[in-house]
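Enquirer: Each residue of the sequence shown is one higher than the last, beginning at -19 in our numbering.
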Amino acid sequence: AEFNEVFLDDVFVPDDQLVGGLHDGWAVANTTLAHERGTAFPFKEQVVHEVYLDELYERAAALGRLDDPSVADELAQVFVELRLLRLHNWQTLSSLGRGREPGPESSVVKLAWTTMTQHLSDTALVVEGPGSVLAGPWGRQWLWSQAAGIAGGTSEIQRTIIAERMLGLPRG
């Protein structure tokens, strides 16, 4: 499985081996997840999905699917979502260049990526047909896109982080 959870009880860690300060594990975990959600991973995914979208557009053209307004609209929407991810990534690079650590805004990047990858994969199945989830190049990508809403924290967790830490809304 791509996901896991590990619990350790009664583990001794020498002071000189602590990551962060004593009892700062939650802060370390949040910083680690913010980096995962908002730095290297989204940049790689942006480039990979730009290639995917180009391939899907070529495939839709070859199959004559671009004549279907709903398919053309879905491809255009995915293009826009991918451009939004690119803009978020540029903003992240700019912030990192100024020495800022990623914070709760990384949840916005994670949601943008999740929405885009699921939409792209769903659109691929429309272009290729429902059997393509079982055979063909888009099946595995579609299955992975379904995990996107869980990996690195569920979409619901991302929305909660945005609501509480960025918008200042009360918990609960």
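We put the beta carbon where it would ideally sit given N, CA and C, even for glycine.
#1: From Leu62, Pro84, Arg78, Leu149, pick the residue whose C-alpha is nearest to that of His29; which is it?
#2: So for Ala(-19), helix, strand or coil by DSSP?
#3: For a quick check, are the C-beta atoms of Val107 and Ala9 less than 7 Å apart?
#4: Under 8 Å: do the segment 133 to 148 and the segment 75 to 84 share three or more Cβ pairs, one atom per stretch?
#5: Can you give, in chain order, each stretch of the alpha helix (DSSP H) that sits fully within the segment 101 to 152 and has at least 4 residues?
#6: Taking one C-beta from the segment 56 to 73 and one from the segment -3 to 13 each time, how about it: are there three or more such pairs within less than 8 Å?
#7: Along the chain, where does the alpha helix (DSSP H) containing Asp34 start, and where does it finish?
#8: For the candidate residues Asp102, Gly109, Thr134, Val(-7), whose alpha-carbon lies nearest to that of Lys90?
#9: If we ignore side chains and look at the alpha-carbon of each, how far apart do Arg120 and Phe(-13) end up?
#10: Return the CA-CA distance between Phe21 and Ile137, expressed in angstroms with no decimal places.
#11: DSSP three-state call for Phe59: helix, strand or coil?
Expert: In short, the structure shows the following:
#1: For the purposes of this step, residue 29 is taken as residue 49 along the sequence shown, with counting starting at 1. Nearest C-alpha to His29: Leu62.
#2: Numbered from its first residue, the sequence shown carries residue -19 at position 1. Only weak support is given to the placement of Ala(-19): the predicted model assigns it a pLDDT of 47, under 50, and the value that follows is read from those uncertain coordinates. Here Ala(-19) sits in coil by DSSP.
#3: By one-based count along the sequence shown, residue 107 stands at place 127. By one-based count along the sequence shown, residue 9 stands at place 29. Against a cut-off of 7 Å, the Cβ pair of Ala9 and Val107 comes out as no contact.
#4: yes
#5: 118 to 127, 135 to 141
#6: no
#7: Along the sequence shown, read from residue 1 onward, the residue named residue 34 stands at position 54. Its alpha helix (DSSP H) spans residues 20 to 42.
#8: Position 110 of the sequence shown holds residue 90. Residue Thr134 is the option with its Cα nearest to Lys90.
#9: Locating residue 120 in the sequence shown gives position 140, counting from the first residue. Locating residue -13 in the sequence shown gives position 7, counting from the first residue. Using only the alpha carbons, I get a separation of about 30 Å.
#10: One-based indexing of the sequence shown puts residue 21 at position 41. One-based indexing of the sequence shown puts residue 137 at position 157. Computed Cα separation, rounded: 18 Å.
#11: As a position in the sequence shown, residue 59 is number 79, starting the count at 1. Three-state DSSP puts Phe59 in a helix.
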